[in-house]
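Be aware that the sequence shown starts at 817, since it is given in the working numbering, and climbs by one per residue. Read the structure below first, then the notes.
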Amino acid sequence: PLEMTKWFDTNYHYLVPEIGPDTALRYTGTTDDGKCHCERELPRCGGHSRPVAEFREALDAGVLTRPVLVGPVTFLALAKPAPGSPEGFSPLERFDELVEVYTCVLRDLADAGATWVQLDEPALVSDTLAVPADVVTAAYRRLVAASQRPALFVAAPYADLGDHLVTLAATGVEAIGMDLVRGSTPIDDSGLPVRFPWPAPGLDKVTLVAGVIDGHNVWRADLDTKLAVLHRAQTLGAAAVTVCTSTNLFHVPHDVADEPALDARLASWLAFADQKVVEVVTLATGLTAGRDAISAQVKAASEALFDRAAAPGVVNPHVRQRAGELDEASFARGPFAARRAAQDARLHLPPLPTTTIGSFPQTQQIRDARAAFGRGELTAEQYDEEMRAEIRRVVQLQETLGLDVLVHGEPERNDMVQYFAENLDGFAVTTNGWVQSYGSRCTRPSILWGDVTRPAPITVGWSSYTASLTDKPVKGMLTGPVTILAWSFVRDDQPLGATAFQVALALRDEICDLEAAGIPVVQVDEPALRELLPLKTADQASYLDWAVRSFRLATSGVRADTQIHTHLCYSEFGEVIDAIDGLDADVTSIEAARSKMEIVADIAAHGYPRGIGPGVWDIHSPRVPSSAEMTTLLSGAATQIAPDLLWVNPDCGLKTRRYEEVTPSLEHLVEATKAVRATL
817 PLEMTKWFDT NYHYLVPEIG PDTALRYTGT TDDGKCHCER ELPRCGGHSR
867 PVAEFREALD AGVLTRPVLV GPVTFLALAK PAPGSPEGFS PLERFDELVE
917 VYTCVLRDLA DAGATWVQLD EPALVSDTLA VPADVVTAAY RRLVAASQRP
967 ALFVAAPYAD LGDHLVTLAA TGVEAIGMDL VRGSTPIDDS GLPVRFPWPA
1017 PGLDKVTLVA GVIDGHNVWR ADLDTKLAVL HRAQTLGAAA VTVCTSTNLF
1067 HVPHDVADEP ALDARLASWL AFADQKVVEV VTLATGLTAG RDAISAQVKA
1117 ASEALFDRAA APGVVNPHVR QRAGELDEAS FARGPFAARR AAQDARLHLP
1167 PLPTTTIGSF PQTQQIRDAR AAFGRGELTA EQYDEEMRAE IRRVVQLQET
1217 LGLDVLVHGE PERNDMVQYF AENLDGFAVT TNGWVQSYGS RCTRPSILWG
1267 DVTRPAPITV GWSSYTASLT DKPVKGMLTG PVTILAWSFV RDDQPLGATA
1317 FQVALALRDE ICDLEAAGIP VVQVDEPALR ELLPLKTADQ ASYLDWAVRS
1367 FRLATSGVRA DTQIHTHLCY SEFGEVIDAI DGLDADVTSI EAARSKMEIV
1417 ADIAAHGYPR GIGPGVWDIH SPRVPSSAEM TTLLSGAATQ IAPDLLWVNP
1467 DCGLKTRRYE EVTPSLEHLV EATKAVRATL
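Encoded structure:
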């Protein structure tokens, strides 16, 4: 299967295309004659393709939609060279042929009646991807020159569009979308544009689509401030300015009104997708009819913002004081060599220790018990016994398989972030606030609205019970501060780093309590570390500083003989290998199977000095890998990483898998480990 990774700095995932010099680029679909409508012999090209079929379905229902496609530049910029590609090959070299395919798509959509098509080009805002301006110019001038097409709206969300605004304007596209939440209007104090020649060539013929409503978060907008941003955008000299959200709305839930269990005061501060559409329409009215036409809505928004700032719990003086008293000793443990010696003496692990990432399958029985408990059909004691019974089964399975460091399987957890949000003050959870993560998988982000505290231990009881069932080391499982922030809707009224430190202090208390309960290993998962990396290079150092320090703040309160693990997955972690090193975890497990251990070369080149567990089993497929396959992956890792630092584990938690897949796969993992141990 293709690799899967995060879509820019969001929790949405995409499959990474693999494109080589000879990869066939086709517009898939069917026609009666198998030919394209564009005078080309492109196989399977034509009018019954999915984009056209979906457009026609809506049109038949009486709705003229604007089809939205990934833009050709972003498609290629996010692709990776196919296996066997020449050294130095970039998929962007294929843009000429891909644009031909897009021309066919646009013609078919125009034939079907589409008047506009949106092409999403977030690659243009990313410094990491660094798309050359000449590629953008060549691609879009050819699309604009197509003989039959809808009007083109090129959207560039997630950060500041920068100089590519001028690049796109000169191509002749009809509309350009700018993210004016993460980005800004390039206007100086005198009211003139900066960073590009003004008036910009072609901009006077373009509609500027101003993304002033945050499509990435759930807080109600300050309409007065947003209207001022729109007026500044009007001074850029575009043909027209219209109002939009900063991103597509699949990042937020549908409707605040569908959350009857949410505190009414908190709900009044929120805007989900439906409410954001209302905000867009309100601002559009204010832009065309004047501020007086929306004065009532502006006043209501301002009152909600004032109420939010003054609400109890938004500011907790004790939390602020504790954070303000932190010193450098709060972020540091002793030297790794001393820690390793103490941990070896305590844990007595064999070479290539085996473990899992934390969760085991959430069976239907577990889900039924959780639902029954929620409905009041099970008492707390009955529910706890159901969970303890599952923990006993998981521990027995791990001992039978021969794993070295055991976990409790997390049956009590509905989600790796929501579970902690439900047990920390300063968070709220929704009932129906689902957003898509990948495929049919959805997540329900919590809402972090106030200062964060831990009123009581969260995981200690479950881990202590697990330790009572076995003589093997048991690993406590926590979600890290950066990931809790990344997979929640986080308050926007203070720096993100300050919020991360508050979460880290709550986790620090939990880790210290686990240690006091005798748990020798604690894993603090940070799969979102790379995800939140800013798309602009200038902002990355600051982010990595507070992200790394928040992890160290959470994990630096324990003794040398307590082993701290972390886990990372679903991102290009070679780009942040220095930050991973900076976490100073004793052991880091990382997704590696689907990419065939690609990350191992980065780890080896960096000279990573602590324990590392590159995954040998891709758990996001139902496929059961053979022991021979795992042996090959593990043997390859052992040639680049010192065997005394190498751990063996799956890519990720096993929550979404079935025991029919998990049991044989873990058997093969243990067999592979034994085979490679024998060669050391």
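Every residue gets a Cβ at the ideal spot worked out from N, C-alpha and C, and that includes glycine. As the structure is a prediction and not an experimental result, all values here were calculated from the model.
Euclidean distance between Cα positions of residue i and residue j
| i | j | result |
| --- | --- | --- |
| Ala1054 | Arg1124 | 36 angstroms |
| Leu1217 | Lys1490 | 12 angstroms |
| His1067 | Asp1220 | 39 angstroms |
| Ile1419 | Gly1390 | 8 angstroms |
| His1070 | Val868 | 26 angstroms |
| Pro1343 | Ser963 | 46 angstroms |
| His1134 | Phe1147 | 20 angstroms |
| Ala961 | Ala986 | 13 angstroms |
| Gly1255 | Met820 | 11 angstroms |
| Leu765 | Lys822 | With the chain covering 817 to 1496 only, the question about residue 765 has no answer from this structure. |
| Ala1205 | Ser1481 | 23 angstroms |
| Arg1183 | Trp1250 | 18 angstroms |
| Lys1412 | Leu1294 | 27 angstroms |
| Ala898 | Ile1435 | 23 angstroms |
| Pro1441 | Leu1449 | 11 angstroms |
| Ile1393 | Asp1108 | 53 angstroms |
Beta-carbon gap between residue i and residue j smaller than 9 angstroms
| i | j | result |
| --- | --- | --- |
| Ala1297 | Phe1243 | The amino acid occupying residue 1297 in the given sequence is Pro; Ala does not appear at that position. Taking 9 angstroms as the Cβ cut-off, Pro1297 and Phe1243 do not qualify as a contacting pair. |
| Arg1375 | Ala1145 | no |
| Tyr1235 | Ile1207 | no |
| Val1276 | Glu1326 | yes |
| Thr1302 | Glu1347 | It is worth fixing the name first, because residue 1302 is Ala in this sequence and not Thr. Yes, they are a contact pair. |
| Glu1238 | Ser1262 | yes |
| Gly1027 | Leu984 | no |
| Gly1431 | Ile1406 | yes |
| Gly1174 | Lys1291 | yes |
| Val1223 | Thr1172 | yes |
| Leu1043 | Ile1110 | yes |
| Pro973 | Thr1058 | no |
| Asp1074 | Asn1248 | yes |
| Lys1352 | Val1097 | no |
| Thr890 | Pro938 | yes |
| Leu925 | Thr1170 | no |
| Val1009 | Asp1460 | The sequence shown places Pro at residue 1009, not Val. It is not a contact, given that the beta carbons lie outside the stated cut-off. |
| Thr1378 | Glu1331 | yes |
| Asp1355 | Ile1380 | no |
Range of the contiguous alpha helix (DSSP H) that encloses residue i
| i | result |
| --- | --- |
| Lys1115 | Ser1111 to Ala1126 |
| Tyr974 | Careful: Tyr974 lies outside any alpha helix (DSSP H) and carries neither H nor E. |
| Phe911 | Phe911 to Ala928 |
| Ile1182 | Gln1180 to Gly1190 |
| Tyr1475 | Tyr1475 to Arg1493 |
| Pro1430 | Element bounds for Pro1430: not the alpha helix (DSSP H) but the beta strand (DSSP E), Gly1427 to Pro1430. |
| Phe1317 | Leu1312 to Ala1332 |
| Ala935 | According to the sequence displayed, residue 935 carries Leu and not Ala. Taken as a continuous stretch (DSSP letters only), Leu935 belongs to no alpha helix (DSSP H), being part of the beta strand (DSSP E) at Trp932 to Asp936. |
Per-residue burial, residue i [other beta carbons within 10 Å of its own, 16 or more giving buried]
| i | result |
| --- | --- |
| Trp1035 | buried |
| Arg1136 | exposed |
| Cys1258 | exposed |
| Glu913 | exposed |
| Arg1439 | exposed |
| Gly1498 | Here the chain covers residues 817 to 1496 and nothing more, so residue 1498 does not appear. |
| Lys1115 | exposed |
| Arg876 | The question names Arg, but residue 876 in the sequence shown is Asp. Result: exposed. |
| Glu857 | Any answer about Glu857 is weak, because its pLDDT of 45 lies below 50 and its placement is not dependable; what the coordinates show is given next. It is exposed - the Cβ of Glu857 has fewer than 16 other Cβ atoms within 10 Å. |
| Ser865 | buried |
| Cys861 | Model confidence at Cys861 stands at a pLDDT of 43, short of 50, so the residue's coordinates are unreliable; what they give is reported in the following sentence. So Cys861 counts as buried. |
| Pro859 | Below a pLDDT of 50, predicted positions are generally treated as unreliable, and Pro859, at 42, falls in that range; no measurement from the model is reported. |
| Ala1077 | exposed |
| Gly993 | buried |
| Glu1141 | exposed |
| Ser1284 | exposed |
Terminal residues of the beta strand (DSSP E) in which residue i lies
| i | result |
| --- | --- |
| Arg958 | No beta strand (DSSP E) contains Arg958, which is instead part of the alpha helix (DSSP H) from Ala949 to Val960. |
| Thr1259 | Arg1257 to Thr1259 |
| Tyr1254 | Val1251 to Tyr1254 |
| Glu980 | According to the sequence as given, residue 980 is His; it is not Glu. Run containing His980: none in the beta strand (DSSP E); it sits in the alpha helix (DSSP H), His980 to Ala985. |
| Glu993 | According to the sequence as given, residue 993 is Gly; it is not Glu. Ala991 to Asp995 is the span of the beta strand (DSSP E), which, as asked, contains Gly993. |
| Gln1339 | Val1337 to Asp1341 |
| Lys822 | Met820 to Lys822 |
Residue i: CB within 8 angstroms of a non-hydrogen atom of the ligand COA
| i | result |
| --- | --- |
| Pro1009 | In the structure shown, the ligand COA is absent, as is every other ligand, since no ligand is present at all. |
Entirely enclosed beta strand (DSSP E) segments - the segment 1013-1077, minimum 3 residues: With a minimum length of 3 residues, the continuous beta strand (DSSP E) runs that stay inside the segment 1013-1077 are 1023-1029 and 1056-1061.
Secondary structure, beta strand (DSSP E): runs of 3+ residues fully inside the segment 1385-1414: Segments of the beta strand (DSSP E) lying fully in the segment 1385-1414: 1403-1406.
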